[in-house]
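Trainee: Have a look at the structure that comes next, please.
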Amino acid sequence: MPLPAKAFQLWLHQVAPSASTADICRISGIKRTTLAQQLVRGKVAETTLVSISRALNLNPLAALATFEHYAELATSPQPPTPAELVSQVATMDLLRAVISRSSPAYGGYGDSGSSLTPGLGPAPHATSVRNWVDAIDDGELRHRVSAATGVAPQNYSAQLTANRLSPELAVATSRAAGVGFTGGLVATGLITEEEAGWPPGAKQSALDALSDGELASLAGERLQALGKSLRRQEQEQAQTEKIWENLG
Amino acid sequence: MIGILQWTTLAVCGVVTLARIPSALRGQNRSLFSIFALMTLAILLSIDAPYLAVDRALGGMNIANLVLRFVIFAAIFFLGLRVARGFSANDALRLITGPVGISVAAAASLVVIAVFLMMDTAGSSAGLVGVAAKDHRNAALVEYYGAAGRLYPAFITAALFPAMVRTFRSRLPVLVRSSAALLALGTVAISLSLLSPVIPPSLGFLRFVFNYTAILCLVLGLCLVWIAKTLAVRTPKKQANFT
């Protein structure tokens, strides 16, 4: 659920008492009409709050935690699990890690990898939301989230497939899985890893801690999913072209 | 109101047909051009003034109305083939071109001709209104004639309906899905127009609404595919990739 406009304006008044709406829009890069519309509707998007916090050099996570819906974010920050961290490694980085661990004959550096391997890309990546949920899913997670929020499982799945998840659902998912609240917010791209308080290199060390077998299976799963989605896209493209060829 | 609907439909069809001339000259999808041309001709023949002019030239026996029926049959047949191929509806394609489709086409044609011959068709009159007004027998025959004329279009579009719904629920580009939705809506309208004989006279305007909604939906649906293609060619969309 987006933030109530009243609470948002109260917050804005606290953090930037002298700034006009126009100033806020200018420094945060939000279109004036967008903000005005959100205020009129009484619902301010979380992304708006995050942009403004960044512009004011405030921590977006802390700013978010001042709102009633997100009050839990302030309570005892729970660090992301290794599985969550690895889920935020992009598939191509994961494959690069596989090669990096391979024997020099295949362009690798042997078991331990090397500092010469290029650094990991920042989260979120192309399938970060689904990978995150898969990483914390015990098999019943989707049902619990659906029961707790009233969002139908197929709508939830549709959001995952589109690599989206509303901040509210991300937090609800974390709660249902019993993990820290930052994982979902990072995976959906609302806040960065740094803003979430993840130590630099946390993803890399979680990745390095995987055994070769775990890494290979994980890379295999990711490749399988990638292949499936690419094949579907190709099929849809072929279907569309057939329609155009016959009716266009 | 009905006049506006009629002339709008004619204008839309005419414009689309004209707009397709360049691509038809280039040799792209000539059959689609002929489908639109046939549809324009069909609409022209269902409007009073043009109908009277054409029918007088044909002898004032309402033969133009018979011609109109077969123009519609031809247009809908070719349209059905194109749509079935385009939307990969092999089931529909088999139904339309197989023994079932041919029997329905033959039966509909025979009934249309037979009923036409049984009527006293002297005196040009669009929609055979004048013929229906002669006596009860002719009035009943006109209804059967109309129903028989709608049978084949309804069969073709109903055969395509599942494929349209499938496409609409798929994850293809929005314009393609909207066009499938329009074609499906056209199908519903054509099927509803089969009910014409039982629509009470007080709701007579519904007949026109069904008929012209059907044609407008079909034409606009086809236009959307064309627009989608043109847009896609102009702004090449990102292909599936590894990112």
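Here the protein sequences line up with chains H and S, keeping their order. In terms of my numbering, the first sequence opens at residue 17 and continues consecutively. In terms of my numbering, the second sequence opens at residue 112 and continues consecutively. By construction, the Cβ of each residue, glycine as well, lies at the ideal position given by its N, Cα and C atoms.
#1: If residue 44 (chain H) sits next to residue 81 (chain H), beta carbons under 8 Å apart, how far is it from one beta carbon to the other, in whole angstroms?
#2: Assess contact between the segment 190–200 of chain S and the segment 114–130 of chain S, defined as three or more Cβ pairs (one per stretch) separated by less than 8 Å. Is contact present?
#3: Along the alpha helix (DSSP H) that carries residue 267 (chain S), what are the first and last residues, could you check?
#4: By Cβ distance below 6 Å, which residues in the same chain neighbour residue 128 (chain S) in space, the five residues on each side in sequence not counted?
#5: What are the start and end residues of the alpha helix (DSSP H) that includes residue 240 (chain H)?
#6: Here's a check: name, in chain order, each residue in its chain whose Cβ is nearer than 7 Å to the Cβ of residue 227 (chain S), leaving out the five neighbours to either side.
#7: Which whole-angstrom value is the C-beta distance of residue 261 (chain S) and residue 304 (chain S), which I expect to be below 8 Å?
#8: When the cut-off is 8 Å and only beta carbons count, does residue 137 (chain H) lie next to chain S?
#9: Between the Cα of residue 106 (chain H) and the Cα atoms of H:262, H:237, H:250, H:122, which residue gives the shortest distance?
#10: Which chain S residues are close to residue 230 (chain H), counting only those with a beta carbon under 8 Å from its beta carbon?
#11: With which residues is residue 59 (chain H) paired in a DSSP beta bridge?
#12: Just to make sure I have the definition right: I need the residues of chain S whose C-beta is within less than 9 Å of the C-beta of residue 258 (chain H). Which are they?
#13: Could you tell me whether any Cβ in chain H is nearer than 8 Å to the Cβ of residue 282 (chain S)?
#14: Using 8 Å as the cut-off, can you tell me whether the segment 240–248 of chain S makes contact with the segment 264–279 of chain S, which would need three or more C-beta pairs spanning the two stretches below that distance?
#15: Determine the burial state of residue 323 (chain S): buried for a count of at least 16 other Cβ atoms within 10 Å of its Cβ, exposed for fewer.
#16: Where residue 310 (chain S) and residue 236 (chain S) are concerned, what is the direct C-alpha to C-alpha distance, given to the nearest angstrom?
#17: List, in order along the chain, the chain S residues whose C-beta lies closer than 8 Å to that of residue 252 (chain H)?
#18: Does chain H have any CB closer than 8 Å to the CB of residue 337 (chain S)?
#19: So what does DSSP say about residue 283 (chain S), is it helix, strand or coil?
#20: Hey, how far is the Cα of residue 201 (chain H) from the Cα of residue 38 (chain H)?
#21: For the alpha helix (DSSP H) holding residue 170 (chain H), just list the boundary residues, first then last.
#22: Quick one: what's got a C-beta closer than 7 Å to residue 265 (chain H)'s C-beta in the same chain, skipping five residues either side?
#23: Would you say residue 263 (chain H) faces chain S, with C-beta separation under 8 Å as the test?
#24: Considering only C-alpha positions, which residue in the set S:204, S:143, S:171, S:263 is nearest to residue 180 (chain S)?
#25: Can you tell me whether residue 229 (chain H) is buried or exposed, with buried defined as 16 or more other CB within 10 angstroms of its CB?
#26: Within 10 angstroms of its Cβ, does residue 50 (chain H) collect 16 or more other Cβ (buried), or is it exposed?
#27: For the alpha helix (DSSP H) containing residue 176 (chain S), list its first residue and its last residue.
#28: On the DSSP letters alone, give me the boundaries of the alpha helix (DSSP H) that residue 118 (chain S) sits inside.
#29: Are the CB atoms of residue 88 (chain H) and residue 148 (chain H) within a distance shorter than 8 Å?
#30: Is DSSP giving residue 54 (chain S) helix, strand or coil here?
#31: Roughly how many angstroms separate the alpha carbons of residue 209 (chain H) and residue 184 (chain H), rounded to a whole number?
#32: Below 6 Å CB to CB, which residues in the same chain sit around residue 267 (chain H) once its five sequence neighbours on both sides are set aside?
#33: Enumerate in chain order the residues of its own chain whose CB-to-CB distance from residue 234 (chain S) is below 6 Å, with the five nearest sequence positions on each side excluded.
#34: For residue 175 (chain H), I'd like the list of residues in its chain whose CB is within less than 8 Å of its CB, leaving aside the five on either flank, ordered along the chain.
#35: Considering just the uninterrupted stretch of the alpha helix (DSSP H) at residue 199 (chain H), what are its terminal residues?
#36: Quick one: is the Cβ of residue 208 (chain S) within less than 7 Å of any heavy atom of the ligand MN?
Mentor: Taking the structure as given:
#1: Sequence index remark: in the first sequence, residue 44 (chain H) carries index 28 (1-based). Sequence index remark: in the first sequence, residue 81 (chain H) carries index 65 (1-based). In fact, because the Cβ distance is near 19 Å, the residues do not count as touching under 8 Å.
#2: At 8 Å Cβ cutoff, the stretches do not touch.
#3: Position 156 of the second sequence, counted from the start, is the residue given in the question as residue 267 (chain S). Residues 247–280.
#4: Here residue 128 (chain S) corresponds to residue number 17 of the second sequence, with the count starting at 1. If we look at residue 128 (chain S) and ignore the five residues flanking it on each side, its Cβ neighbours are 147, 148, 151.
#5: Residue 240 (chain H) sits at position 224 when you count from the first residue of the first sequence. Note, residue 240 (chain H): alpha helix (DSSP H), 228–263.
#6: Sequence index remark: in the second sequence, residue 227 (chain S) carries index 116 (1-based). The answer, listed in chain order, is 177, 256.
#7: Walking along the second sequence from the start, residue 261 (chain S) turns up at place 150. Walking along the second sequence from the start, residue 304 (chain S) turns up at place 193. 6 Å between Cβ atoms; contact.
#8: Numbered from its first residue, the first sequence carries residue 137 (chain H) at position 121. Chain S contact via Cβ: absent.
#9: As a working mapping, residue 106 (chain H) is identified with position 90 in the first sequence. Relative to the Cα of residue 106 (chain H), the nearest Cα in the group H:262, H:237, H:250, H:122 belongs to H:237.
#10: For this step, residue 230 (chain H) is matched to residue 214 along the first sequence. None at all; the shortest Cβ gap to chain S is about 23 Å.
#11: By one-based count along the first sequence, residue 59 (chain H) stands at place 43. Answer is H:20.
#12: Here residue 258 (chain H) refers to the residue found at position 242 when the first sequence is read from its first residue. Simply 196, 197, 198, 199.
#13: Looking up residue 282 (chain S) in the second sequence gives position 171. Under the 8 Å criterion on CB atoms, residue 282 (chain S) is classed as interfacial with respect to chain H.
#14: Not touching, per the Cβ criterion.
#15: Locating residue 323 (chain S) in the second sequence gives position 212, where the first residue counts as 1. Answer is buried; the Cβ neighbour count reaches 16.
#16: Here the question's residue 310 (chain S) lines up with position 199 in the second sequence. Here the question's residue 236 (chain S) lines up with position 125 in the second sequence. Residue 310 (chain S) and residue 236 (chain S) have their alpha carbons spaced roughly 21 Å apart.
#17: Numbered from 1 along the first sequence, position 236 holds the residue referred to as residue 252 (chain H). Contact of residue 252 (chain H) with chain S by beta-carbon distance below 8 Å involves 281, 282, 283.
#18: Residue numbering aside, residue 337 (chain S) sits at position 226 when the second sequence is read from its first letter. Residue 337 (chain S) counts as touching chain H.
#19: Within the second sequence, numbered from 1, the residue matching residue 283 (chain S) stands at position 172. Three-state DSSP puts residue 283 (chain S) in coil, outside helix and strand.
#20: Here residue 201 (chain H) is taken as the residue at index 185 of the first sequence, counted from 1. Here residue 38 (chain H) is taken as the residue at index 22 of the first sequence, counted from 1. Residue 201 (chain H) and residue 38 (chain H) have their C-alpha atoms spaced approximately 28 Å apart.
#21: The residue labelled residue 170 (chain H) in the question sits at position 154 within the first sequence. In the DSSP assignment, residue 170 (chain H) falls within the unbroken alpha helix (DSSP H) covering 169–177.
#22: Since the displayed chain H opens at 17 and closes at 264, residue 265 (chain H) lies outside it and no answer follows.
#23: Here residue 263 (chain H) refers to the residue found at position 247 of the first sequence. Cβ-Cβ to chain S under 8 Å: yes for residue 263 (chain H).
#24: Counted from its first residue, the second sequence places residue 180 (chain S) at position 69. It is S:263.
#25: As a position in the first sequence, residue 229 (chain H) is number 213, starting the count at 1. The C-beta of residue 229 (chain H) has fewer than 16 other C-beta atoms within 10 Å across all chains shown, which makes the residue exposed.
#26: Taking the first sequence and counting its residues from 1, the one referred to as residue 50 (chain H) is at position 34. Residue 50 (chain H) comes out exposed.
#27: Mapped onto the second sequence, residue 176 (chain S) falls at position 65. Run containing residue 176 (chain S): 174–197, per the alpha helix (DSSP H) assignment.
#28: Taking the first residue of the second sequence as position 1, residue 118 (chain S) is located at position 7. Residue 118 (chain S) -> alpha helix (DSSP H) spans 113–136.
#29: One-based indexing of the first sequence puts residue 148 (chain H) at position 132. One-based indexing of the first sequence puts residue 88 (chain H) at position 72. The answer is no: Cβ separation not under 8 Å.
#30: No information on residue 54 (chain S) is available, as it lies outside the stretch 112 to 354 that chain S covers here.
#31: Taking the first residue of the first sequence as position 1, residue 209 (chain H) is located at position 193. Taking the first residue of the first sequence as position 1, residue 184 (chain H) is located at position 168. Going by the C-alpha atoms only, they are around 18 Å apart.
#32: Residue 267 (chain H) cannot be examined here, being either before or after the span of chain H that is shown, 17 to 264.
#33: For the purposes of this step, residue 234 (chain S) is taken as the residue at position 123 of the second sequence. Closer than 6 Å at Cβ, skipping near neighbours: 241.
#34: One-based indexing of the first sequence puts residue 175 (chain H) at position 159. So the qualifying residues of the chain are 145, 181, 182, 185.
#35: Taking the first sequence and counting its residues from 1, one reaches residue 199 (chain H) at position 183. Residue 199 (chain H) -> alpha helix (DSSP H) spans 198–203.
#36: Only the bare structure without any ligand can be found here, which leaves the ligand MN out of the picture.
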